[in-house]
RNA sequence: GGAUCGGUAGCUCAAUCGGUAGAGCAGGUGCCUUUUAAGCACUUGGUUCGGGGUUCAAGUCCCCGCCGGUCUACCA
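In my numbering, the protein residues as written are 40 to 537.
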C-alpha cells in the first residue's frame with residue numbers, strides 16, 4: 040500500500056493490523072449477523088424513568104463518536120433511525136471485552152446489548168453488558184464536525200455522505216416517503232400502476248435527444264425512452280382507464296443544476312376527465328404530501344424564499360403572463376422581427392433563427408417562469424408547444440392544458456389529451472416535418488381504435504423533491520447523479536473525436 | 001460546447017509581496033469510572049490535481065491537460 044516501510048501513518052495499514060489481531064484472537068471481524076431487537080429510535084421511545092436500568096435492548100450500528108475515560112467509556116452508534124449513546128464500564132462488561140471495545144475505530148459496526156438508563160445530562164443510553172464487533176471498517180470516516188462538503192467527493196462517495204451528513208440522509212428518506220405517498224394517493228383514486236418498456240425503437244412523447252443503444256439479437260438500434268406518454272395512452276385504448284407509471288426517462292442533453300440526463304418521471308392518465316380534472320388532482324396530491332410527509336404547507340427554497348402550497352393556487356393564461364412580462368398588450372399581433380427587437384430591449388438573448396412561437400416561448404422561459412415562485416397554473420398555452428393535447432374550442436391557437444410552475448420551475452404539465460386520430464396525425468406530421476420515419480404509426484393505429492377522452496399529467500419527481508426539500512441542486516435529490524468517469528492513469532492517446 | 005471560479009494531510013481549512021508547507025478533527029503512545037465536537041501530554045502523516053515553463057527560489061506567476069462548482073448553451 041505505502042512505499043514507506045513504517046506504516047504507522049497509513050490509516051488502512053493500521054486498521055489491517057487491528058483486523059489481523061482480532062482474527063488471531065479468534066474473533067470474526069465480519070460477522071454473519073447480529074440480533075437487533077430495536078433501533079436507536081424505538082429503544083429511546085421505550086425508556087421510562089420508573090424502569091431505569093430495567094428495559095433490555097440489543098442494538099447494532101456504526102460507531103460515530105468515542106469518548107474513552109480510563110475504565111469507562113461512552114460511544115455513539117448510528118443506525119437507520121439515527122444515533123444512540125452507549126456506555127461501557129470495565130467492571131460491568133468484563134476486562135477482555137472492554138479493552139476490545141475501546142480499541143475500536145470510528146466507523147466500525149458493532150452490536151451492543153444491555154439495559155436503558157439515563158445519564159446525568161438526561162440522555163437515554165444503553166449500558167453495554169454484551170458487545171461484539173459486527174463489521175470492521177477499513178477506511179476512515181470524514182471529519183465528525185464539518186462532515187463531508189466537497190461536492191465531487193459527495194457525489195462519487197454517496198455512502199460517506201449518507202453516513203456523515205444528516206441533512207442528506209433526511210432528504211433521501213423524504214424522497215422515498217414522498218414517492219410512497221404519491222403511490223398511495225393514486226391507488227386510493229383507483230389508479231393502476233404499470234411498467235412500460237424502457238427500450239424504444241421510435242423516440243416519442245417529448246422533444247429531446249435520446250441515448251442510443253444496440254440490440255444485438257435484433258441487430259438494430261434502440262433508444263432509451265425520453266417519455267412514458269405514448270405507451271400509457273395505448274393502455275387507455277386498451278381499457279385501463281386510470282394508469283400511472285413512475286420511472287426513469289433518459290435525455291441525452293447537458294447537465295445543470297436542474298437537469299440530470301436520467302431522471303424520474305411520474306405520468307398518469309385518467310379517462311373521462313380533462314385538464315381541469317388534473318388541476319384538482321395535482322393540488323390534492325400536493326396537499327396530501329404536505330399533510331402526510333412534510334407536516335406543513337410552508338416551504339423554504341434554497342434561496343430562502345417562502346413558498347405557500349396550501350392555498351388556492353393562482354391560475355393565469357400564458358398570453359397574460361407574456362403580456363405582463365413584455366409590458367406589451369399587442370405582443371401577439373407583432374411580427375417576429377418586432378418581437379426579436381423587443382427581446383433585446385428586455386435584456387434577453389434569443390436566437391433569430393427560431394420560429395415565431397419559439398421567440399415568445401423564450402420570453403416565457405427566461406422572464407416569466409423563473410419568477411413563478413408561488414404555485415401557478417399557466418393555462419391556454421400556444422398550440423405549437425405540444426402536439427398531443429386538445430385544442431381549445433374558443434381559441435384553436437391555444438391548448439386545453441396547464442403547466443404548473445412552482446419555485447421558478449415547471450413541475451407538472453397536464454393536458455386534455457388529444458383523442459382525434461386525424462388531428463393527432465396532422466400535428467405529428469407538422470412536428471416531424473420531413474423526417475417521417477419518426478412518425479409513431481403504432482401509436483396512431485392505437486388511437487384510430489378509439490381512445491377515451493382523458494386528462495393526463497407528467498410530474499418531474501426530482502424537481503418536486505427539490506421543491507419539497509429545499510434542495511439547491513437536482514444532484515442533491517438523486518442518489519447517484521451523472522458524473523464524468525474518473526480518469527484511470529495514462530491511457531494511450533487516442534485521436535480526438537469531435 | 002462557451003465563460004468564470006476552484007482543486008493544499010483521510011476530512012474541514014490556513015499559508016502575507018514569489019522566501020523553512022501549517023492548524024483542528026481523524027490516526028499512534030500514555031493518563032483519566034457519567035462524557036456531549038470530552039479533556040490533558042507527546043506524536044505520525046504532504047507527488048500542494050498532473051505535466052511543462054519563468055526564477056537563485058513556485059502551493060503562489062505563465063502555458064497545456066484532468067476533475068469539479070456556478071452561470072450559459074442544448075433542453076416542449
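Glycine included, C-beta positions come from ideal geometry on N, C-alpha and C.
- Fewer than three pairs of CB atoms, one per stretch, sit closer than 8 Å, so the stretch 508 to 520 makes no contact with the stretch 274 to 285.
- In this structure residue 50 is exposed. Its beta-carbon is surrounded by fewer than 16 other beta-carbon atoms within 10 angstroms.
- In the structure shown, residue 407 falls within a helical segment according to DSSP collapsed to helix, strand and coil.
- Sequence-distant Cβ neighbours of residue 471 in its own chain, meaning closer than 7 Å and more than five residues away, are 477, 478.
- Going by DSSP, residue 401 is part of the alpha helix (DSSP H) stretching over 395 to 402.
- Around the beta-carbon of residue 79, 16 or more other beta-carbon atoms lie within 10 Å, marking it buried.
- Note that the C-beta distance between residue 118 and residue 140 is not below 8 Å.
- Rounded to the nearest angstrom, the gap between the Cα atoms of residue 214 and residue 229 is 23 Å.
- Considered as a whole, the stretch 58 to 138 harbours 95 to 108, 111 to 118, 121 to 128 as its complete beta strand (DSSP E) runs of no fewer than 3 residues, in chain order.
- By the neighbour-count criterion, in which a residue is buried when 16 or more other Cβ atoms sit within 10 angstroms of its Cβ, residue 65 is exposed.
- Out of 179, 132, 160, the CA that lies nearest to the CA of residue 146 is found in 179.
- Exclusion of the five residues before and after residue 488 leaves 276 as the residues of its chain whose Cβ lies within less than 7 Å of its Cβ.
- In its chain, beyond the 5 residues on either side, 453, 494, 496 have a beta carbon closer than 6 Å to the beta carbon of residue 317.
- DSSP places residue 318 inside the alpha helix (DSSP H), whose first and last residues are 314 to 328.
- Here DSSP, grouped into helix, strand and coil, assigns residue 176 to coil.
- A distance below 8 Å separates the beta carbons of residue 504 and residue 217.
- Per the Cβ contact rule, the stretch 150 to 166 is in contact with the stretch 90 to 106 (3 or more Cβ pairs under 8 Å).
- The beta carbons of residue 385 and residue 399 sit about 12 Å from each other, so the pair does not count as a contact at 8 Å.
- When C-alpha distances from residue 128 are compared across 83, 381, 52, 168, the shortest belongs to 168.
- When only Cα atoms are considered, residue 485 and residue 312 end up about 20 Å apart.
- In the DSSP assignment, residue 296 falls outside any beta strand (DSSP E), carrying neither H nor E.
- With fewer than 16 other beta carbons inside 10 angstroms of its own, residue 372 counts as exposed.
- Cβ-Cβ distances below 7 Å link residue 322 to 352 in the same chain, with the five nearest sequence neighbours on each side left out; the list follows chain order.
- Between the stretch 234 to 251 and the stretch 259 to 267 there are three or more inter-stretch CB-CB distances shorter than 8 Å, so the stretches are counted as touching.
- Sorting 402, 464, 407, 71 by C-alpha distance to the C-alpha of residue 425 places 464 at the top.
- Within its own chain, the residues whose Cβ lies closer than 8 Å to the Cβ of residue 339, once the five positions on either side in sequence are excluded, are 345, 346, 509, listed in chain order.
- Beta-bridge pairing by DSSP links residue 305 to 285, 498.
- DSSP places residue 455 within a strand segment (E or B) once states are collapsed to three.
- Rounded to the nearest whole angstrom, the CA to CA distance from residue 285 to residue 305 is 4 Å.
- When C-beta atoms of the stretch 375 to 383 are compared with those of the stretch 392 to 410, three or more pairs fall below 8 Å, so the two segments count as touching.
- If the five residues before and after residue 325 are omitted, its C-beta is found closer than 6 Å to the C-beta atoms of 348, all from its own chain and listed in chain order.
- Around the beta carbon of residue 507, 16 or more other beta carbons lie within 10 angstroms, which makes this residue buried.
- Nearest C-alpha to residue 67 among 175, 107, 87, 110: 175.
- About 6 Å separates the CB atoms of residue 501 and residue 303; that is less than 8 Å, so the two are in contact.
- Here residue 249 is buried. Its C-beta has 16 or more other C-beta atoms within 10 Å.
- Judged by beta-carbon spacing, residue 511 lies beyond the 8 Å limit of residue 300, meaning their Cβ atoms are not closer than that value.
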